[in-house]
Structure formats: C-alpha cells, structure tokens
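**Q**
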Amino acid sequence: MAVLELRGLTKRFGGLLVVDGLDLVVREGEIVSLIGPNGAGKTTVFNLISGIFPPDDGDILLEGSSIVRLAGHEIAARGVARTFQTLRVFLNMTVAENVVVAEYARGRVGILRSILGTPAARREARQLRADAEQRLGFFGKRLVGYRFDQPAYSLSYANRRRLEIARAMATGARMLLLDEPAAGMNPAETHEISRLIGRLRDDLGYTILVIEHDMHVVEGISDRVAALDHGVKIAEGSFEEVASDPAVVEAYLGKGDAIAK
Amino acid sequence: MAEIGTDRWVDEVERRRSESGALGRLGQILSRRWLAVFVVVALVYPFVVGGDFGIRVGVNALLLALLALGLNVVVGYAGLLDLGYVAYYGLGAYGYAFLSSDQFGIHAPTLLVVAIVAIVVFLVGALLGQPARRLVGDYLAILTLFFLQAFIELALNLDRLQLPFVDGPLSITGGPNGISGVSPMEILGFRLGQVRDYYFLLLVLVVAVAVGLGNLERSRTGIAWRAIREDTLAAEQMTIPTGALKVIAYATGATIAAVSGTIFAAVQLGVFPQNFTVALLIVVYAALILGGEGSIAGAVLGALIIAMVPELLRTPTGARFLFYGGLFVGSVALLRPWRRLAWVAGGVMAVGVVAKVIVMTLWPAVAAGEGGGLFDRWLIRFDPSAVTLVNVLFVVMIVLVLAAIALRAPWRRDPLIVLAAYTLVLVWENRLVETPSITRQLLFGALLVVLMAVRPYGLLGRRRVEVV
Amino acid sequence: MEFLLQQVVNGLTLGSVYALIALGYSMVYGILKLLNFAHGDVYMVGAFAGYAVLVGLGGPADPRVPLAVLFLLMFLAAMLVSGALGVAIERFAYRPLRNAPRIAPLISAIGVSFFLQNAALLVLGARFRTYGTAKMIDPGTGLHWGPLRISLVRIIVIVSAVLLMVALQVLVKRTRLGKAMRATAIDREAATMMGIDVDTIIIVTFFIGSVLAGAAGVMVGLVFSRVYHFMGFVAGLKGFTAAVIGGIGSIPGAMLGGLFIGFAESFSAAYISSTFQNLIVFLILIAFMLIRPWGLLGTPELVKV
Numbered sequence: 001m002a003v004l005e006l007r008g009l010t011k012r013f014g015g016l017l018v019v020d021g022l023d024l025v026v027r028e029g030e031i032v033s034l035i036g037p038n039g040a041g042k043t044t045v046f047n048l049i050s051g052i053f054p055p056d057d058g059d060i061l062l063e064g065s066s067i068v069r070l071a072g073h074e075i076a077a078r079g080v081a082r083t084f085q086t087l088r089v090f091l092n093m094t095v096a097e098n099v100v101v102a103e104y105a106r107g108r109v110g111i112l113r114s115i116l117g118t119p120a121a122r123r124e125a126r127q128l129r130a131d132a133e134q135r136l137g138f139f140g141k142r143l144v145g146y147r148f149d150q151p152a153y154s155l156s157y158a159n160r161r162r163l164e165i166a167r168a169m170a171t172g173a174r175m176l177l178l179d180e181p182a183a184g185m186n187p188a189e190t191h192e193i194s195r196l197i198g199r200l201r202d203d204l205g206y207t208i209l210v211i212e213h214d215m216h217v218v219e220g221i222s223d224r225v226a227a228l229d230h231g232v233k234i235a236e237g238s239f240e241e242v243a244s245d246p247a248v249v250e251a252y253l254g255k256g257d258a259i260a261k
Numbered sequence: 001m002a003e004i005g006t007d008r009w010v011d012e013v014e015r016r017r018s019e020s021g022a023l024g025r026l027g028q029i030l031s032r033r034w035l036a037v038f039v040v041v042a043l044v045y046p047f048v049v050g051g052d053f054g055i056r057v058g059v060n061a062l063l064l065a066l067l068a069l070g071l072n073v074v075v076g077y078a079g080l081l082d083l084g085y086v087a088y089y090g091l092g093a094y095g096y097a098f099l100s101s102d103q104f105g106i107h108a109p110t111l112l113v114v115a116i117v118a119i120v121v122f123l124v125g126a127l128l129g130q131p132a133r134r135l136v137g138d139y140l141a142i143l144t145l146f147f148l149q150a151f152i153e154l155a156l157n158l159d160r161l162q163l164p165f166v167d168g169p170l171s172i173t174g175g176p177n178g179i180s181g182v183s184p185m186e187i188l189g190f191r192l193g194q195v196r197d198y199y200f201l202l203l204v205l206v207v208a209v210a211v212g213l214g215n216l217e218r219s220r221t222g223i224a225w226r227a228i229r230e231d232t233l234a235a236e237q238m239t240i241p242t243g244a245l246k247v248i249a250y251a252t253g254a255t256i257a258a259v260s261g262t263i264f265a266a267v268q269l270g271v272f273p274q275n276f277t278v279a280l281l282i283v284v285y286a287a288l289i290l291g292g293e294g295s296i297a298g299a300v301l302g303a304l305i306i307a308m309v310p311e312l313l314r315t316p317t318g319a320r321f322l323f324y325g326g327l328f329v330g331s332v333a334l335l336r337p338w339r340r341l342a343w344v345a346g347g348v349m350a351v352g353v354v355a356k357v358i359v360m361t362l363w364p365a366v367a368a369g370e371g372g373g374l375f376d377r378w379l380i381r382f383d384p385s386a387v388t389l390v391n392v393l394f395v396v397m398i399v400l401v402l403a404a405i406a407l408r409a410p411w412r413r414d415p416l417i418v419l420a421a422y423t424l425v426l427v428w429e430n431r432l433v434e435t436p437s438i439t440r441q442l443l444f445g446a447l448l449v450v451l452m453a454v455r456p457y458g459l460l461g462r463r464r465v466e467v468v
Numbered sequence: 001m002e003f004l005l006q007q008v009v010n011g012l013t014l015g016s017v018y019a020l021i022a023l024g025y026s027m028v029y030g031i032l033k034l035l036n037f038a039h040g041d042v043y044m045v046g047a048f049a050g051y052a053v054l055v056g057l058g059g060p061a062d063p064r065v066p067l068a069v070l071f072l073l074m075f076l077a078a079m080l081v082s083g084a085l086g087v088a089i090e091r092f093a094y095r096p097l098r099n100a101p102r103i104a105p106l107i108s109a110i111g112v113s114f115f116l117q118n119a120a121l122l123v124l125g126a127r128f129r130t131y132g133t134a135k136m137i138d139p140g141t142g143l144h145w146g147p148l149r150i151s152l153v154r155i156i157v158i159v160s161a162v163l164l165m166v167a168l169q170v171l172v173k174r175t176r177l178g179k180a181m182r183a184t185a186i187d188r189e190a191a192t193m194m195g196i197d198v199d200t201i202i203i204v205t206f207f208i209g210s211v212l213a214g215a216a217g218v219m220v221g222l223v224f225s226r227v228y229h230f231m232g233f234v235a236g237l238k239g240f241t242a243a244v245i246g247g248i249g250s251i252p253g254a255m256l257g258g259l260f261i262g263f264a265e266s267f268s269a270a271y272i273s274s275t276f277q278n279l280i281v282f283l284i285l286i287a288f289m290l291i292r293p294w295g296l297l298g299t300p301e302l303v304k305v
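Protein sequences appear in the order of chains H, F and B. Position 206 of the first sequence, counting from 1, maps to 206 under my numbering, and the rest follow consecutively. Position 236 of the second sequence, counting from 1, maps to 236 under my numbering, and the rest follow consecutively. Position 135 of the third sequence, counting from 1, maps to 135 under my numbering, and the rest follow consecutively.
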C-alpha cells in the first residue's frame, strides 16, 4: 500500500530546474533511501513534501490524497514529519519541551481553559509530559532523567540529532523524512543510528524516507534506494542494483578517465 | 576514577543542589513565591506612602506593569517585534472615553464598556496582526511602528471631519485637546471615585493577568509560542499553526493593553493624544527588557523600577540621593582595589580645590553662585549667568566620560576618571539638579545604553543561544 | 501650472533632504542589519552646529565673511560635528552589542536618541532658533524661467544634495573603500576573511551616513529656517520611511525613496490636505510593507532551508 506517492514533481528556482519530473512511490513499512551528489535536489524534494514551498508541477499524494496545497502544519498533522539537514532543534527550550511541543495538534484544551488553569488543562499537560518521556525512552537513557529539563543547547551533537528524531515522532506521524540523520557522526554513533532507524521500522512500524550520503548506512537500512542527479531520478532498485548502476557511478565519480588519473 | 561511559555531572546534580546554601535557598523560595511577596508589598504600599501623589505613582507603576505583561506576550513569548503596541493602549482609552463621556452622549455601564472595548480591540488586533504571518522581524517592526504613527495622526486630526450629510464639522477624537469629562468607573454598584480605588483595582488585575499568563506559559499554547520564537519554520513543520498563533499572541497583547487603557482613561478622567507617544512605547519596552523579556516576574519588576525610580528624581534631595548613591556604588564596584578608589576620590577633591582656587582668583564673578554645605570647599558654584560656560562644561563632561570608558591602560584611564567625575559632579550641582524633568530623561537615555551594554538580557532574563 | 511646478520644486527640495537622511539609515542597515533610531538626532545636532557657526560669524544680520564662505563653513562644521557624533555613537552604543540579541541595539539607539534630544534641550532651551535666511538672501532671487520659479536657497540645497549623492555613488562604486563597504554589507564574516578590516569599514559607514545627515540639517535650516531640539524625530521618521520604501540597505534605493517621499508629501499637502499629510506618508509606508516590504529597489530575502 502506497503511503507516499510523488508524480512528475517539478520545481524551479528562478531559471534553475532543481527537481525535474520526479516519480517515486514509498510503500507502508518501507525504508527508502534517496541518494545523489550534492545539489541533486534531495532536500528540495523533502521541502516540497513537507510543504515549505509548493511545486511548480506534478503532485504529491499522501495515502491517496493530494497534499500539495496544504500548509506545513497541516501536512505534519496528517502524518508526515521530518528532520533537517542543518539540525533545527529548539535550542533554548528544554528537551521535554522540544518533544511536548510537537504534540500540539493532538492537544484538545483551548487557550481560554489554559489561561484559567483548569484541571483538564493540567491533566493534559501532565499527560503530554509523560508521553514525551516515554518517547525519549526509545533512545535509551540518554535523554530522560536529569537531561529531561535541560535546555537543548546543552546537549551533545549526537543527542541533538536523536532529539530531533524524537520530536518528529512526537507529532504522531506515521511517516518520517530523515534528512542526513548520520551527518557528522563518528562510526560508533553512525552504527547506532542505523540500528535505531531499523528499529523504528521493525518495532514501531514507521515508513521512512531517508536522505543519506554514508553508503554503509544506506546499505544497512534500505529496502529500496533511489538515486537523484540534477533533479532527475537516474536509478531505482535494491542497494546492489543502484550502487553498480553506471549512471550512478558517473554522477558521483565522473566519467571513466577521471578516476584513472 | 569514574568509569568511562558514565555521566558524573548528571549523577551529582542532587549533591550540587543541596549545597547551594542559605542564600541560594532564599533565592529559590523568592523565585517561586514572588507573586505573594509582590502582593504583600503592594498592599502595604499605599499606607506607607499616604497622600494622593504617592498613590498616583503606584497607579502608574501598576499600569506600566500591565502594559509590560501584555507586551511580554507579543515580544517575549511569540518573538514578534511590535513597535506599535501603545496604539492599542490608546484604542482602549479612547474606546472607554467614547462610551463613557459626553463626546457622543453615551454613558454605558463600566463592565459592558470594558467588555466591548476588549472584544473590539481583540478583533482589530487580529486583523492588523495578519501581516505578522508573513513578515519577518524588521519589516514587521517597521509596519507596526507606522501603525502607531497613523494612530497618533488620527487621534490628533479626527476632530474636524466634514461629512456631507451632517451639519458642521464632526469631532470624533477631540483632536489635540482630546476628550475630557470622562466618567469614572462603576463596578457592581461601587463607584471608583478615588485614585486609591483604581490602585486596588489595578493590583487585582495585575495579579490576575500574571497568574493567567503563568498558566498560559506552561500550556501547549505557551510552549508553541516559544517554539515559534525559536524557529518559526521548524515549529510549522511540527504541527504548530504558526500563522494563527502569531496573530493570537499579537491580539492578546493588544487586548491587555486596551483594558489597561480603559482604566487609564478613567483615572485621568480624560484622554489626550499626547498620552500615547513613542516615548511611552520605549518606556514599556525598557520595563520589559530591564526585567528580562519572557519573564513574567521580570516584566513586573522592570515596570516597578522604571515607574518608581524617576520619582526619586523630583526633589533635589531625592535626586542627589540617587545620583551620589549611584556614583558611590559604581565607584566601589568598578574601582578596585581600595587604594585605587582612594586615589581617585582624593584626586577628585584635589582637582576641585585647585580649580576653585584658580577660578576664584581669576574670575571671581563667575564663581559667585550660592549653595554651601559639604561641597563648599572644593566645588565651584557658578553664578546663574554663566550659562554658556556650564553648557560647554556639559559637553566636555560627556567627552571625558566617554574617553574614560574607551581607554584601557590604568595610568591613562584613572586621571581621566578623576576629571570626568569632577566635571560630572560640577555639572550636576550647577545645572542638572535644577532641571529634574530634563535630567530624568538624560539619565533614562544613558541608563538604556548602559543597561544594554552590561546586561542585554535584563535582570531576570535567561541567556539565550541565538542561531544566526 | 505655476502651482504645479512649485510643488515639483518643493518635492525636489524635500526629497533631497529626505534622501540624504535616508542614506544614513540604509547604509548602516546594510552593514549591521541595525535600524539606527538615533540618526535623526545626529541630523538635529548638525543643524545646530551650522547654526552655531552662523551666529558665531556674525549671525544672519551681519556676517563677517562673504556668504559663500559662510555657507561653506556652516556645511563643513555641521558635517564634521555630525560625522564625529555618528562615529562616537557607533563606538559606545553599538559596538559592545555586536553579539547581543537583536533588540539590544535598538533599545540602545533609543537611549542615545533620548539623551541627545534632552542634551540639546538642556543646553539650548526649548525655543526655536532661526537661520534667518531671508535676511541673508533676498527671497526673490532665484531662477525665473517662464512659469518656473526656484529660489536661490532651494537651488543651493538641491545642487549640494546632488553633488553629495554623486560623490557617494563614486565612492561606493569606483573606489576600493567602496568595494570593501559593499562586501561587508553582503557578508560580514566573509569580508573579515578576505582581509577587510570590518571595524574600520563600519566606522567609515557611520561617518559618511552622519556627514550626510549633518548636511541635511543645514539645508533644512536654510530652507525652512527653524531648528529646534525635537526636529530630528519627525525628519528621522520620514527619512527612515524613505529608506524602507526605496529598499533598506540599498543606496540608490534610499535616494529614490527620499525623492518619492518628498514628492508624496508636497503633492498631498498641496492637493489633498495638509492636515493629513503626515498620515498619508505613513499610510503609503504601511501599504508598501504589506505589498512589497523589500521596497522599490530591494530584493526579497531568500532563505535556504
């Protein structure tokens, strides 16, 4: 069953064609990796899906319905959440608040009742906090306990990346868009994040679209891989198929003679 | 030796907390129960101060506190730079005046008037706040600044409207003369005839708003606002309807300002365009920033300080207390060790004595001013006619103070400090003490600059990490 | 017809003044992303500096030097004093705040503004001072060309403003210093890595902007005669409006914006209503902010996600 479907997705910035007629299907419970050299348009695809700007042509279907005209927060509420290549955690808010805030759409208590501090409002606040703690527990003991109420800027880089994923999960999404989740991590952390992404699919049933440069990670987690270059999909299939595709090799490494030198 | 992989810092947090000592404990209690302390002090205040003037100062302080709290929602929570905020204060005041005076012959019951004003201003704020959805930072600031200017222009000029079907010019806002003869408030049969009544009404409101905002801060709306302030784009991607929430923050702040405005109009028994200036906007911002934006206690504290300290400057005695007190505290804090402080103080007096002797010998007429007491030996009192000389000294003083700040090497700096301090006291005693209204503004301006340089986050604000 | 031409001349005169003030705002914003609210008071100080020279050399009634020399000295004095003041403000009120939250320099700027206005009030009192231009130049002298009448004073103002703006353009576009200024405005950090002394560039920017404001102050004194301690507020506000409408951060934008506002004010005062002339200018700005916030010659900011 297709969770996400991109049909002929196209986007231009001024005269630059960044995404060119992209077709892609992501099925439920799959992990699909999006690879390609820098500037291939991968993050732009994420931005189009999550609603930061609209496509110039083509369609994006989430569980069969088009989400192209929706605002970012509506798309997120429909079940697609993402992380960012440049890591955009809310630095001056605590770890707990980062996760709780993502559950905004699922809160029921209105502003008036919040102001008055009714029992319902307080109950909901406690519930949200407990939920947040449970979600963060998925990542081991690192983000719970003492760290729970510390500002996010006090976290290490790897912990911030984990927090960002937890925050995306807290939106109640069923599909995650992870933009270079292993960027800047050492081999041990990279290994751990690969296993984590696998567990997200196996234990929690997420459908995941990943942008990644580290081929070990891609190989380890992907059900399918799609390769992009200059906005066009140049290969799709299993990791072995795509990795050995000559067009992909050329996109990354250039034409034959360049390697020999 | 700790094992590799354990987090000792985290494990030792309890030990650190229990070691903070008595003063630390007092600080913790104060920060939780500050509102109770505030209420107690505020209840006692009118009886300590007595007299109409003191209570009016209190009323101003509480009005400023309300305004700062409202601005805190817009700036501190949602991070919107609203430079037109005072226009809503004005809208509230004029709204009350429209419905409770002879301007249109309407004298509606107070609670109804306040309710109408609150609702109307909320809607106006929701409308005018729409640009906040799209406009970024500085552009929004500029737009709102001009909302305020437009408001002031309208208030000043909507008194000579020539409408085709009405005889004679129609006055809506009363123009530069405003609207006088506004009726006092009457709540549940009780007529608020005295300033003291409004003081207690405002106290109740400040507490109510502080509590309400405190609840809001911890609710999902409050956390969502802070996320919007941190990173609007990321917040939007995390299911937060940023556009709608920004507008709600803006409108909420506007409504709080408007309700304060109604009380202001009732206390003043009138409303005039001169009440709502950019200067007032700055005062509200100063109160908020001094206390630390984003902090409810800070907003109240900042407002109290900004409203009350200038009152000390009204009498020469009070002003001198503040000035020399500040000078003393500043010197002790900055001039270390004690020997250096002694040198500088001695130097100032020495310079003074020498200068006085020279001036009295060469130009006795100039130094013929009156005044005695402590300073007589070493301070020149200028004759009232030596105006230009004092003016020049004023400029020289500024240059010396700036130079003293700019230079680093102690052997170059200290003589400058001596000269700067001497001219400072000279100009103070000979001119500034006598013009309290101007001096107050001068000190306010200087305070803002110094405050930003020293503590840009305010007294109770928390240090923020800004991603550029 | 004569009336219309008169408004055009008025618009040009006002526009030149606003353009000079707007340039200071735009240049500083371009480099520091700071709205320098104290700029209007620098202009005011310039006007008074010119006044001081005027009075010091015999005043409007009996000048001790030929008029041309007198005017030149007034301009020089105003420009130097304003320039020095602008540099001092940068050094003491803004430089310590380079890394502080965005709102801190704004508050500091306002503190400086309060201080300057009240210092002027303290030193000079609340009375207006007049340049008394009519006593120095007979109001009738000027250009008469058919229905067109421009008084000599206005010619002086417009010509000086144009000369200053041309000089600025040459500086910015043709000199190495100008190139460094442009580079710093685009990316401050990269500029430091290219060997540009950014602190000096910032000082120069403030100096130039303030010099222009000082010149504008003298011009206003010559044309409108009255100078007073509060004059920086409204002129600053309108100069700021001009900078924003033209595209804040853009030098040609500031010039264009200044002319725009000058003409808008003249024509609305003459043809619509002089009561509401300020309001109309403010409404124009509000409209711009809603429709085209980056101004006439600015470019919308692209944010890379």
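Glycine included, each C-beta is placed from N, C-alpha and C at the ideal position.
1. Could you check which residue in Leu245/F, Glu429/F, Pro337/F and Thr252/F has the C-alpha nearest to that of tryptophan 378/F?
2. In the structure shown, what three-state DSSP assignment does leucine 16/H receive?
3. Which same chain residues, not among the five before or five after tyrosine 199/F, have their C-beta less than 8 Å away from its C-beta?
4. Less than 7 Å between C-beta atoms, sequence neighbours within five positions excluded: which residues of the same chain meet that for isoleucine 272/B?
5. Determine whether the Cβ of methionine 289/B lies closer than 8 Å to any Cβ atom of chain F.
6. Going residue by residue through the segment 77-158 of chain H, where are the continuous alpha helix (DSSP H) segments of at least 4 residues, counting only ones entirely within it?
7. So alanine 224/F contacts chain H; which residues on that side make the cut at Cβ distance below 7 Å?
8. Does any CB atom of chain H fall closer than 8 Å to the CB of serine 260/F?
9. Give the straight-line distance between the Cα atoms of alanine 260/H and tyrosine 252/H, rounded to the nearest whole angstrom.
10. Within this structure, are the beta carbons of glycine 236/B and glycine 15/B separated by less than 8 Å?
11. With distances taken Cα to Cα, identify the nearest neighbour of glycine 198/H among Glu250/H, Pro181/H and His213/H.
12. Just by C-beta distance, which residues in the segment 73-96 of chain B are closer than 8 Å to chain F?
13. Under 8 Å, with one C-beta from each stretch per pair, do the segment 89-97 of chain H and the segment 62-72 of chain H reach the 3-pair mark?
14. Hey, threonine 83/H and isoleucine 165/H: beta-carbon distance below 8 Å or not?
15. Where does isoleucine 137/B fall in DSSP's three states?
16. Within a Cβ cutoff of 7 Å, which residues of the same chain sit near arginine 201/H, ignoring the five residues on either side of it in sequence?
17. Go ahead and pull the three-state DSSP assignment for alanine 108/F.
18. Starting from the C-beta of leucine 52/B, find all residues in its chain whose C-beta is less than 8 Å away, skip the five residues before and the five after it, and write them out in chain order.
19. Closest Cβ-Cβ distance between phenylalanine 272/F and chain B: below 8 Å?
20. If distances are taken between C-alpha atoms only, which option among Phe165/F, Leu143/F, Pro176/F and Thr144/F comes closest to leucine 158/F?
21. Can you grab the Cα-Cα spacing for the pair valine 218/H / phenylalanine 37/B, in whole Å?
22. Can you tell me which of Ala279/F, Gly222/F, Val449/F and Tyr88/F puts its alpha carbon nearest to the alpha carbon of glycine 253/F?
23. May I ask you to report which of helix, strand or coil DSSP gives methionine 215/H?
24. Determine the DSSP secondary structure at glycine 254/H, reduced to helix, strand or coil.
25. In three-state DSSP terms, what is arginine 174/B?
26. Between which two residues does the beta strand (DSSP E) holding isoleucine 31/H run?
27. Quick test of the definition: if touching needs 3 or more C-beta pairs under 8 Å, does the segment 443-450 of chain F touch the segment 94-113 of chain B?
28. Just to confirm my understanding: we take serine 101/F, look at its own chain, exclude 5 residues before and 5 after, and list those with CB closer than 7 Å. What are they?
29. Could you have a look at glutamate 153/F and say whether DSSP puts it in helix, strand or coil?
30. By the 10 Å Cβ neighbour count, where 16 or more other Cβ atoms means buried, how is tyrosine 157/H classified, buried or exposed?
31. Which class does isoleucine 179/F belong to by DSSP, given the choice of helix, strand or coil?
32. Assuming leucine 171/B contacts leucine 177/B (C-beta within less than 8 Å), just tell me the rounded distance between them.
33. Relative to the C-alpha of serine 222/H, which candidate in Gly184/H, Ile211/H and His230/H has its C-alpha closest?
**A** Judging by the given coordinates:
1. Glu429/F
2. strand
3. So the qualifying residues of the chain are Pro46, Ile55, Gly58, Val59 and Leu62.
4. Taking C-beta separations shorter than 7 Å and ignoring five residues to either side along the sequence, the partners of isoleucine 272/B in its chain run Ile280, following chain order.
5. For methionine 289/B, the answer is yes, since a Cβ of chain F falls inside 8 Å of its Cβ.
6. 95-101, 111-116 and 119-137
7. Within chain H, the residues near alanine 224/F are Val101 and Tyr104.
8. no
9. Residue placement at alanine 260/H is poorly supported in this model, since its pLDDT is 44, which falls under 50; the coordinates are not used for a value here.
10. no
11. Pro181/H
12. Cβ contacts with chain F come from Ala88, Arg91, Phe92, Ala93 and Pro96.
13. no
14. Yes; because the gap between Cβ atoms is below 8 Å, this pair is in contact.
15. If DSSP states are grouped into helix, strand and coil, isoleucine 137/B belongs with coil.
16. Gly29, Ile31 and Ile208
17. coil
18. First, the residue type needs correcting, since residue 52/B is alanine and not leucine in the sequence shown. Correct list, in chain order: Ala77.
19. no
20. Pro176/F
21. 54 Å
22. Tyr88/F
23. helix
24. coil
25. helix
26. 31-35 is the extent of the beta strand (DSSP E) around isoleucine 31/H.
27. yes
28. For serine 101/F, where only same-chain residues beyond five positions count, the Cβ hits under 7 Å are Ile179, Gly181, Val182 and Ser183.
29. helix
30. exposed
31. strand
32. 7 Å
33. Ile211/H
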